[in-house]
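Okay, structure first, notes after.
Protein chains: 2
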Amino acid sequence: MEVIIHRVELRVPAGSTAVLVKNLYLSCDPWMHGRMSKHNVGATVPARDFVIGEVGIIFGQPFIGQLKICRSHITTVPYNSHPGMTGLTAYAGFMEVGRPKRGDSVFISAASGAVWQVAGKLAEIAGCYVVGSAGSDEKVCFLKTKFGFNDAFNYKLETDPAAALKRCLPDGINIYFDNVGGAMLDASLLHMRHGGRVAVCGMILQYNLQEPDGLRNMFCIIPKAVRVEGFNVGGYFHMYSRFEEEMVGYIMEGKVTIVRTSLRGLRVRRRL
Amino acid sequence: MEVIIHRVELRVPAGSTAVLVKNLYLSCDPWMHGRMSKHNVGATVPARDFVIGEVGIIFGQPFIGQLKICRSHITTVPYNSHPGMTGLTAYAGFMEVGRPKRGDSVFISAASGAVWQVAGKLAEIAGCYVVGSAGSDEKVCFLKTKFGFNDAFNYKLETDPAAALKRCLPDGINIYFDNVGGAMLDASLLHMRHGGRVAVCGMILQYNLQEPDGLRNMFCIIPKAVRVEGFNVGGYFHMYSRFEEEMVGYIMEGKVTIVRTSLRGLRVRRRL
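If you read the protein sequences in the order shown, they are chains A and B.
Position 211 (the first sequence) corresponds to 211 in full-length UniProt numbering; numbering is contiguous.
Position 90 (the second sequence) corresponds to 90 in full-length UniProt numbering; numbering is contiguous.
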C-alpha cells in the first residue's frame with residue numbers, strides 16, 4: 001500500500017446547513033481497494049449536508065451519508081469497529097446471509113480482520129463450531145484465544161487448503177464466510193455440507209490479479225443445494241438499530257471483546 | 001450417448017408387499033449422467049416396497065421412492081413431464097429459488113429442454129420478460145412460438161455469450177436459470193442486476209470435461225448482492241400438492257401446452 005499525502009480543498013456550500021467532518025480515525029482495510037479504484041481519491045472532497053442534532057461524535061461513511069450520534073457510554077473508537085460499519089457487516093452476513101443454527105460448523109477466511117473477528121464471536125454466542133484462517137501464527141493465536149474460535153490455521157503454511165479444511169472440519173462446513181476467493185473458496189465448495197451457505201463478503205486474493213483465478217468446483221452447489229450469496233453492508237443499514245442494541249449488549253456483558261491496532265499518522269511505515 | 005442392452009434380474013423379496021414396476025416411458029436427459037455415474041447401472045435392480053392403493057399409473061423415481069396415482073383426466077405421458085418431476089423442478093426453481101416479481105428479466109439456458117420449457121411458461125404467467133438460449137434454430141423457434149419466450153438465441157451461432165445477453169437483455173438479468181455452467185454462467189454473472197438470483201440446476205457443458213471450466217466473474221456477486229443457489233428437485237417434493245394443483249390448472253386452461261418428443265425402443269439411433 002502506498003500513502004500519498006497532499007492538500008485538498010474543503011468548502012461548505014454557501015447558505016447550506018452543511019458541516020465539515022474531521023476524521024479522527026481512518027480504517028485501513030482491503031475493502032477500501034474497491035472504493036479507491038472507483039472514486040477519484042485525489043480530487044477535492046465535497047462537504048455533504050450533514051447536520052448534528054446534539055453534541056456527539058459522528059461516525060459512518062460520508063459517501064454513503066450515514067450518520068450516528070454515539071451513545072455516551074461507548075467511546076468513539078469502538079463505534080468505528082464492532083458497533084459500527086464493520087460490526088454491522090459481520091452481523092448482517094452472519095445472521096441474514098448465513099442464517100446460523102446451533103451446532104452449525106462455520107468457517108471464516110481472513111478471520112482476524114476487522115469484520116470477521118466479530119463474526120467469530122457471534123458464532124460462539126450462537127453455539128456454532130467456528131474455524132478461521134489467517135496469515136500468521138500470531139493471528140491464529142489471537143483467533144483461538146481472543147476471538148472465540150474453536151480452531152484456526154495459518155493459510156500461508158498450508159500447501160493444500162482442502163486438506164486443512166478436512167482436518168479442522170472433518171464433517172464439512174455449514175456456513176463459509178468467504179473473504180479471500182480463489183483457491184480457498186474453491187476448496188470450501190468441495191467441503192460444504194448439504195444446504196450449506198457461502199456468504200461472500202470479499203475476495204482479497206483476487207484484488208491485485210490481472211486475471212482472477214478460475215473457480216472449478218461450482219458444480220458442487222447443485223447436489224448439495226448450497227447457496228452462495230454476495231453481500232455488502234450497504235444493503236443492511238435498515239437493521240442497524242436491532243444490531244446496535246444487540247452488539248452493545250454483548251460488549252457491555254463482556255461476551256464480545258474489542259481488539260484493535262491503532263497507529264498515529266498516515267506516514268507510518270508498515271506492511272499493511 | 002451409448003445404449004447398452006442386457007438382461008437384469010428383478011425379484012420381489014419373499015413375504016413383502018412389494019410390486020415390480022414396469023417402465024412405460026423413460027425420460028432421457030442430461031440429469032441422468034450423474035445418476036449413471038454414481039449408480040451401478042449394470043447390476044441387478046432391486047424391487048422397492050411399492051404399494052398401489054388404487055388402480056392407476058405409477059410415476060416417479062423408484063430410487064427415490066416417490067409414488068403417485070395419476071388423476072384420470074390426465075394421461076400418463078404428461079404426468080411424466082409438466083405435472084411430474086421435470087415440471088416440479090422448473091416450478092421449485094422458478095418459484096422458490098428464483099422468487100420472481102412481475103416485470104423481472106429472466107434468462108434461461110438450455111431453455112428448450114424438458115425442465116426449462118416449463119419455466120418459460122411459468123415466467124410468462126408471472127409477467128416476466130423471458131429470454132432463452134438453445135442449440136439449434138429449430139429450438140429457438142420453438143422457444144419463441146410455443147414456450148412463451150419473448151426472445152431467444154442459438155448459442156452455437158454466438159461467438160460471445162456476453163454480447164448475446166447484452167443484445168437480448170440490455171438492462172441486465174434479474175433471474176438466471178443456469179443449466180449449462182461454463183462460459184454462459186460466467187457471462188451471466190457479469191450481466192446480473194443488483195439483487196439478482198442465479199438458480200443453478202445443471203451444468204451440462206461441464207459434464208464430459210476432464211477439468212471443469214474456471215469461473216472468473218464470481219466477484220460480481222458482492223457489489224451486486226447476487227444470490228447463486230444450487231438446487232435439485234429432491235428438496236422440494238414436500239410442495240408437490242401445491243405445484244400439481246397449480247400446474248394441472250394451467251394445463252386445463254391452456255396456459256401451458258405440452259410439447260414432447262417420443263421415440264419407441266432403446267435402439268433408436270439419434271444424436272441425443
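C-beta: ideal position from N, C-alpha, C; glycine also.
Small disclaimer: the values here were computed from a predicted structure and weren't measured.
Residue i at chain B interface by Cβ criterion, 8 Å
| i | result |
| --- | --- |
| P100/A | no |
| F237/A | no |
| G120/A | no |
| S16/A | no |
| V256/A | no |
| M252/A | no |
Cutoff 8 Å: residue i Cβ touching any chain A Cβ
| i | result |
| --- | --- |
| M184/B | no |
| R260/B | no |
| E211/B | yes |
| L88/B | no |
| G172/B | no |
| L215/B | yes |
| V200/B | yes |
Cut-off 6 Å between Cβ atoms - residues of its own chain near residue i, not counting five sequence neighbours on either side
| i | result |
| --- | --- |
| K156/A | G135 |
| G195/B | A225 |
| P161/B | A183, M184, A187 |
| H191/B | L165, G172, I173 |
| F227/A | A small fix is needed here, since residue 227/A is Arg in this sequence, not Phe. Result list for R227/A: R197, in chain order. |
Reduced DSSP secondary structure (H/G/I, E/B, other) of residue i
| i | result |
| --- | --- |
| D151/B | strand |
| A225/A | coil |
| S133/B | strand |
| A199/A | strand |
| L215/B | strand |
| I258/B | coil |
| G230/B | strand |
| V140/A | helix |
| H238/A | helix |
| V118/B | helix |
| S109/A | coil |
| R167/A | helix |
| D186/A | helix |
| Y176/B | strand |
| T75/A | Confidence at T75/A is low in this model, with a pLDDT of 48, below 50, so the placement of that residue should be treated as unreliable; the coordinate-derived value is given next. Coil. |
Beta-carbon neighbours of residue i, restricted to chain B and to distances below 8 Å
| i | result |
| --- | --- |
| N232/A | I222, P223, A225 |
Under 8 Å by beta carbon: chain A residues contacting residue i
| i | result |
| --- | --- |
| M203/B | M218, F219, I222 |
Cβ shell of residue i (< 7 Å), same chain only, five flanking positions each side left out
| i | result |
| --- | --- |
| D137/A | N154 |
| M239/A | A92 |
| E124/A | V130, G148 |
| N40/A | Confidence is the limiting factor: at N40/A the pLDDT is only 42, short of 50, which leaves the residue's position unreliable and the question unanswerable from this model. |
| D29/B | G113, A114 |
| V140/A | A134, A152, F153, N154 |
| R269/B | Because the pLDDT at R269/B is just 49, under 50, the model does not fix this residue reliably, and the point stays unresolved. |
Contacting residues, own chain, Cβ-Cβ under 8 Å from residue i (five flanking each side not counted)
| i | result |
| --- | --- |
| D178/A | S109, M184, L185, S188, V198, A199, V200, C201, G202, M203 |
| L205/B | V180, G181, G182, A183, M184, D213 |
| M95/B | L122 |
| R193/B | S105, D171, G172, I173, N174, K224 |
Under 7 Å by beta carbon: chain B residues contacting residue i
| i | result |
| --- | --- |
| Q117/A | The contacting residues do not exist; Q117/A stays about 20 Å from chain B at best. |
Partners in chain B for residue i, counting only beta-carbon separations shorter than 9 Å
| i | result |
| --- | --- |
| G181/A | M218, F219 |
Exercise. Mind listing which residues of the stretch 217-228 of chain B have their C-beta closer than 7 Å to chain A's C-betas, in chain order?
Worked result: The stretch 217-228 of chain B vs chain A, Cβ under 7 Å: M218, F219, I221, I222, P223, K224, A225, V226, R227, V228.
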